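Residue numbers (the UniProt record's numbering), protein chains in the order written: chain A, 1 to 272; chain B, 1 to 272; chain C, 1 to 272; chain D, 1 to 272; chain E, 1 to 272; chain F, 1 to 272; chain G, 1 to 272. The beta-carbon is built from N, C-alpha and C at its ideal position, and this holds for glycine as well. In this text the structure is predicted, and so the values were computed from the model without any measurement. To keep things clear, I will list the structure first and then write my remarks on it.
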Amino acid sequence: MARRYDSSTTTFSPEGRLHQVEYAIEAINNAGTSVGILAKNGVVMASEKKITSGLLAQARTSEKTYKLCAHAACSVAGLTADANILIDQARLRAARYAYQYQEPIPIENLVEHVCNYKQAYTQYGGLRPFGVAFLFAGYDEAHGFQLYQSDPSGNYSGWKATVIGANNQAGKSLLKTEYGVSKKDGDGDEMKTDDAPLSDVIEMPDVAEACRLAVKVLNKTMDGAVASAEKLELFTMSLDEAGNCVHKILTEAEAKAVIAEVDAEAASAGDT
Amino acid sequence: MARRYDSSTTTFSPEGRLHQVEYAIEAINNAGTSVGILAKNGVVMASEKKITSGLLAQARTSEKTYKLCAHAACSVAGLTADANILIDQARLRAARYAYQYQEPIPIENLVEHVCNYKQAYTQYGGLRPFGVAFLFAGYDEAHGFQLYQSDPSGNYSGWKATVIGANNQAGKSLLKTEYGVSKKDGDGDEMKTDDAPLSDVIEMPDVAEACRLAVKVLNKTMDGAVASAEKLELFTMSLDEAGNCVHKILTEAEAKAVIAEVDAEAASAGDT
Amino acid sequence: MARRYDSSTTTFSPEGRLHQVEYAIEAINNAGTSVGILAKNGVVMASEKKITSGLLAQARTSEKTYKLCAHAACSVAGLTADANILIDQARLRAARYAYQYQEPIPIENLVEHVCNYKQAYTQYGGLRPFGVAFLFAGYDEAHGFQLYQSDPSGNYSGWKATVIGANNQAGKSLLKTEYGVSKKDGDGDEMKTDDAPLSDVIEMPDVAEACRLAVKVLNKTMDGAVASAEKLELFTMSLDEAGNCVHKILTEAEAKAVIAEVDAEAASAGDT
Amino acid sequence: MARRYDSSTTTFSPEGRLHQVEYAIEAINNAGTSVGILAKNGVVMASEKKITSGLLAQARTSEKTYKLCAHAACSVAGLTADANILIDQARLRAARYAYQYQEPIPIENLVEHVCNYKQAYTQYGGLRPFGVAFLFAGYDEAHGFQLYQSDPSGNYSGWKATVIGANNQAGKSLLKTEYGVSKKDGDGDEMKTDDAPLSDVIEMPDVAEACRLAVKVLNKTMDGAVASAEKLELFTMSLDEAGNCVHKILTEAEAKAVIAEVDAEAASAGDT
Amino acid sequence: MARRYDSSTTTFSPEGRLHQVEYAIEAINNAGTSVGILAKNGVVMASEKKITSGLLAQARTSEKTYKLCAHAACSVAGLTADANILIDQARLRAARYAYQYQEPIPIENLVEHVCNYKQAYTQYGGLRPFGVAFLFAGYDEAHGFQLYQSDPSGNYSGWKATVIGANNQAGKSLLKTEYGVSKKDGDGDEMKTDDAPLSDVIEMPDVAEACRLAVKVLNKTMDGAVASAEKLELFTMSLDEAGNCVHKILTEAEAKAVIAEVDAEAASAGDT
Amino acid sequence: MARRYDSSTTTFSPEGRLHQVEYAIEAINNAGTSVGILAKNGVVMASEKKITSGLLAQARTSEKTYKLCAHAACSVAGLTADANILIDQARLRAARYAYQYQEPIPIENLVEHVCNYKQAYTQYGGLRPFGVAFLFAGYDEAHGFQLYQSDPSGNYSGWKATVIGANNQAGKSLLKTEYGVSKKDGDGDEMKTDDAPLSDVIEMPDVAEACRLAVKVLNKTMDGAVASAEKLELFTMSLDEAGNCVHKILTEAEAKAVIAEVDAEAASAGDT
Amino acid sequence: MARRYDSSTTTFSPEGRLHQVEYAIEAINNAGTSVGILAKNGVVMASEKKITSGLLAQARTSEKTYKLCAHAACSVAGLTADANILIDQARLRAARYAYQYQEPIPIENLVEHVCNYKQAYTQYGGLRPFGVAFLFAGYDEAHGFQLYQSDPSGNYSGWKATVIGANNQAGKSLLKTEYGVSKKDGDGDEMKTDDAPLSDVIEMPDVAEACRLAVKVLNKTMDGAVASAEKLELFTMSLDEAGNCVHKILTEAEAKAVIAEVDAEAASAGDT
């Protein structure tokens, strides 16, 4: 019955669904997984590189993570060609904001701009939705480090830890049990309070812990194989002493070290 | 038989119906419920947060309620990405009006502007209706506190108390029996008179009573579960001593207190 | 057989019909009834309010009748959101005319402008007709009080008394027997003459009589129930001593009085 | 077989026909009949008013006949809303011509302009043809009184006497036997000569005779009933002593007189 | 099999055909025939008037033949409304050329302009081809008298004698045997030489002979009946002593004379 | 299976083919053949005139070969109306280039411009490809005489000798065995070398030889009949003593001489 | 099941695939193969020329490889007409960048520009994707020699060696075993390290070796036959002493030499 309503982006099905948007999300669910984790002193994003070949040239910068401006970056799951268009939009928006107001763009403002752009492709005729989901990592003075996720519909939401791409459900449920459990009990639902900074309430991981957690999640979401340094890209954002935002893609050596720690931890714990 | 007419927004069915608009309304009927109640000294809007996860970042502002200008706010049911577009329109309109006429925009003027914008998406080809309903709460000097509801067709109407989203029928019938019954008899149909201010005629609830009533309604519309502080967002608008409009999202602690009062009341009354 | 030609507004069926326009008219035939009656000293429009709820806020102005300019108003049957667009057009046209020519717009000029706007939506691709019918009441120096009716096709015509919306046929046949019968015999077909003012020839009702007649018609067109003051909106337009056009929505008390008179009359006549 | 080619105005059927245009003509064939007759001292157009009701307001001007400029008028059969658009075009054209060249527009120039406008709606996508036929009556110095007929395709032709609308075939065949027979024999085919003015060759009727002939034709084309004064509109165009073009809609009294004469004539002739 | 490709003007069928163009040509093959013949001292075009009625007004100018500029005219077969658009284009082009270059437009330049305009309607979406064929007669200093034929595809070619419209094949084969046979043998295929003026080589008819030949052709192409003066329009273009191009529509008397000569000739020859 | 993908120019079939382009090529394969041959001192193009009639006017210029600028010409196979549009484009481009850079346009630049124009009609919606193939003959200082062929897809390539239109395969295979065989052996595949001018390596024909070869090819591709002077158009481009490019269409006499030589040669060789 | 979603470029299939893009890729998989290999002192691109004929004119420049600017070139597989459009875009972009910033465009910037252009043709209605894949070879100061591959979706990636066109899978697997194996073991997956220049880690081939490897790959991908000098085009890019980028298409003699070396090597190794 769904058939009649799914070939056009501009019509609702009788159940009030937009099939094209759902199919675009399907495109993302087959894409390489990306994990984002908010740490108390930064943000970590880890992505699986689906295609690896010895013949691929060493990427000059990163492959799945893109710097948007001095204080924001994003990780991509889905059609790379579509993502490039949106990344250009985001960079343009950030630069224009900085030029116009002479201060860095607030992260949510940047995210919403990209998402409004996406939304238009779900409502007007002769277009298809963008087949790409994003994790946005950023830092601004008002809200510190932040992590957002957006999907082809143009929805977005802020997360402490989340997963996009293949097997994201499995990844999310692992995050639920592993994230922030050290200081409080394992029940993730109890973590929210109102006024205190988040890091005072739960034991947020630091960047190093977040890296290990991200690798554990990728281990789970990647089919069969254990994550190897060359199949994943680990990105961290943190502040240096001067208060500047530091974007860092871990080298293979550093990534291997993180993987080794995760393996050791798993071995000592006797589980995977 | 309805099949032939429902895939295009620009055609009537033989019965004179616009199926796409009805399907968009269907999209809203699956969305989180929002209750709006006009109080004698303010407006209350209570919304169910459908998705809750310990991993979701604490929303910086509110999640379901959006400030439009100093004296107006709205609550959303439906596709968030669509809502963002309309909220931007509303904010722009309010700001332009204030700039042009040097006085705050009348609430109905603001509501009609958004609704005319919506209407266009039901009449022109290559577009789909916006899949979002709104509650608008506002205050202006001419008409005091006001509450409006709009749907994807671009229709809107003023209410003393109303519900949008999932199970809105159940919510409305509860409101009918519970709203404004203290001073007069239980027959809601008798409440209207012509010239006297509304609050003189019926015993309009004050903001605190309205909050409790809103929670009672959400208790009824939410499937099975009783409302918990983290699943709902309570918004109040009132005037401070200086006559300024105060927008307030209740903290979890405050929300819990309201819920406790509702529970106590229900227990003592032995019903719910 | 009608099926092939009805999903597009821009094509004729083999019988030369425009199905979309007919379906739009269908939308109106399910809408609340509006009665318009030309009186010798004014115009009366009475409308049924389909949706009534004790929770609806008291409309700030009127609900079914809209002032277009100082000397014209309209009553609406059909999709309110569509009507708003056309009412805005009419107000704009009236204001521009007044500004450009420094005199009030003739009523027929105003009506034709709205109807030409409607017509375009029946002839161009990618559009649907407006799903709304209007009664226009107005006064100008050349032709005195006037009453027009328009439908989604863009047709309009002047009437002494007419009905739009649900059960308009029943309403019209009542009007035929009741309107203007006091001075002449009951045969409505004989009323027209050429040169004399209309009020000289037939005993046109005055505004009070027209109000009662309108209520009688609504009593007939509304399903089962007798018209109650809160379900109808009575609008009168007349001239004050200074010759200014007075728009008046009857208060509930005034409306109740009219209804009581109608009931008394019916009781004494022993019919209806 | 016609089915495949008839839902789009822009395609020919394999037999080289434009179905949409033919369907639009069908719409006209159900409309009220209009008769046009060229007299030696004027033009007569008589139209059937399909909808008559005692409740219809007395038309301020005419109902089926529209003045286009000082020396041209038209009579309409088909969709009134469509006609209004074209009449506006014609008036605009006439006024612009007069302004630009400082002389009245030649009638054929005016007719061709309207017809070219119509033609476009039969050739471009996303449009439907205008569902309206016209009789154009006019006078210019070069060619005296003229009568044209146009149809939805944009074709037009000059006539001495013609009929549009319902039963136009019956009307035309009556005209053929009755028009201009007084001076010559009854064979209409022999009337044309080359160089002499038309009125020298055949006994063209004068305006009064043409009125009677028009009523006789309407008597034949109207279903069953005999034409009554209130169901028809008689228009005459002639020159006054100053050489100005006089547009005149006969009053009901005058129309009744014409009808009476026709009836008397028929009675004396013993046929109808 | 042709069915899939014939409802859109912009697609080729698998055999490389454009069905819409072929259907438009079909429309022309049902239209009144036009014959064009190049004479040594002019051009003759004779057209059948399909619709004749005693009620038709005497055409002020011609009916099937249109003057384009001082030295060019055209004859039309097909949809008159379509032809009017193209004739306007041609006149505009001729006038602009004359204004811009201060010399008369060469005939082929004029023809090509009209044909390029036609071509666009066979290649772009949302359009249909023009359903009209033309004979263009013209004179310019470079090439003397010329005769062109164009069809809905935008093709055109120069002819010494040709026929468009109904039964054009029959007409062409008669022309082949009758045109230019007086000086040379009856084999039309041998007529072409390279450098000498055409009139030196074959015995080109003079205008009078061409008129008679054209009537003979029409006699053949018109169904059953013999051509009568009122059913045909004879046009001649020639030069006067001052070298100006003279456009002439034969009067009925003149046409009758030509027909009589043709009949006499046929009678004496004992054939038709 | 091909059916689903062939009615729109903008979609690929599952095998990656563009059916509309292939159908357009089909249109060309039924058109009159054109042969192009590069000679050591010029270029020869010979075209079959498909339609010949004694009634056709002697073409003022050529019929199948068009001069584009002083140093380029083209020969056409396919829809003439389409070709006219592209020839206008080419002439415009050549003239603009000459005006802008004050030197003649390089031939390949001109060819590529036309082909890019063609390509657009294969990629955008609402258009069909041009149904025309070209042979371009030209001369520029950099590359001497050149011969290009283009098809509806917008592809083009340079050739020493090639055939377009009906039976082009048969023509090409004849060219393969006959072109340039005098100096080297009959194996056409061995002719290419790198650095030496083409004429040094193979015995390129001179213009007279190329004319004879072209006629031989046309003899083969034309159905049954042997080429007669009036059914073919022979075009030669060469340089005069002043180095100017000379365009020449052979007169019938000259063409007959060439045909006679070919026949004589064939007779002496005892083959056809 | 795939059928419903493959005829429009703007819709996702339920599995989240864009069929039109996949079909465009299919078009490329039938095209002539191109091999690109990054050498330590340059880049080599070798392409198969699918169509070879002795009648084809010697290409003035290259046939499958196009210079984009002083430091970038590309090799094409797919529809040549489509490629021309994109090559023009690339050249324009490179020239504008150089003009605007007064320095050569970075290679990846140039590649991304072309790919973003391609992407638009996969997302907007009324368009088809470009049916062409590219190898981009370039040099810039920041990253030295680079090799990119792009496909119709607008995706691109950097490679050390890759193959596009027919049999690219077979070619890639040969490259995997043969590229860079001299210094390290044959396991291509181990080649990547982080910080050292690529040429320090693996034994990258020099340009001569890369040419031989490219020929070996083409030998494998071309159906049956062994590569002959006239069926392939060998392109090398390297730096001269002045540091300028040298583009070179090998002459047939040079190409033959390379092929001979490859054959000799194969013979001595006893394998193919």
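Determine the chain F residues that contact residue i at a beta-carbon separation under 8 angstroms, and present them in chain order.
i     : result
G:E26 : F12, P14, E15 and G16
Residue i: buried (16+ other C-beta within 10 angstroms of its C-beta) or exposed?
i      : result
A:S62  : buried
B:Q149 : buried
D:V217 : buried
E:E48  : buried
C:L92  : exposed
E:G165 : buried
Do residue i and residue j have their C-beta atoms closer together than 9 angstroms?
i      : j      : result
C:L86  : C:V114 : yes
B:A72  : B:A90  : yes
C:A57  : B:S157 : yes
F:P106 : F:K118 : no
E:P104 : E:A133 : no
Out of the options, which one is the CA nearest neighbour of residue i?
i      : options                   : result
D:S173 : D:P129, D:K220 and D:D151 : D:K220
D:N84  : C:T33, C:N155 and C:A266  : C:N155
B:G171 : B:S34, B:A255 and B:L68   : B:S34
G:L135 : G:E26, G:V21 and G:V43    : G:V43
E:Y234 : E:G131, E:V215 and E:V262 : Note that residue 234 of chain E is Leu in the sequence shown, not Tyr. It is E:V215.
E:V111 : E:T236, E:L147 and E:Q20  : E:L147
F:S53  : F:I37, F:E230 and F:A31   : F:E230
D:V163 : D:M222, D:C69 and D:G144  : D:M222
Starting from the beta carbon of residue i, find every residue of chain E whose beta carbon is closer than 9 angstroms, and list them in chain order.
i      : result
D:L147 : A57
Please list the partners that residue i has in chain B, where partner means a Cβ-to-Cβ separation under 7 angstroms.
i      : result
A:Y179 : L55
Please list the partners that residue i has in chain D, where partner means a Cβ-to-Cβ separation under 9 angstroms.
i     : result
E:Y23 : Y5, T11, F12, S13, P14, E15, G16 and R17
If the cut is a Cβ gap below 7 angstroms, which residues of chain E does residue i touch?
i      : result
D:N155 : T80 and A81
Strictly below 8 angstroms CB to CB, what residues from chain D border residue i?
i      : result
E:G131 : F12, G16 and L18
For a contact defined as C-beta to C-beta under 7 angstroms, what are the partners of residue i on chain F?
i      : result
E:M161 : The sequence shown places Ala at residue 161 of chain E, not Met. Simply L55.
*For the segment 64-93 of chain B, which residues have a beta carbon sitting closer than 8 angstroms to at least one beta carbon of chain A?*
L79, T80, A81, D82, N84, I85 and D88
*Which residues, in order along the segment 97-115 of chain G, keep a beta-carbon less than 8 angstroms from a beta-carbon of chain A?*
E108, E112 and C115
*Residues from the segment 206-232 of chain G in contact with chain F, defined by Cβ distance under 8 angstroms*: E230
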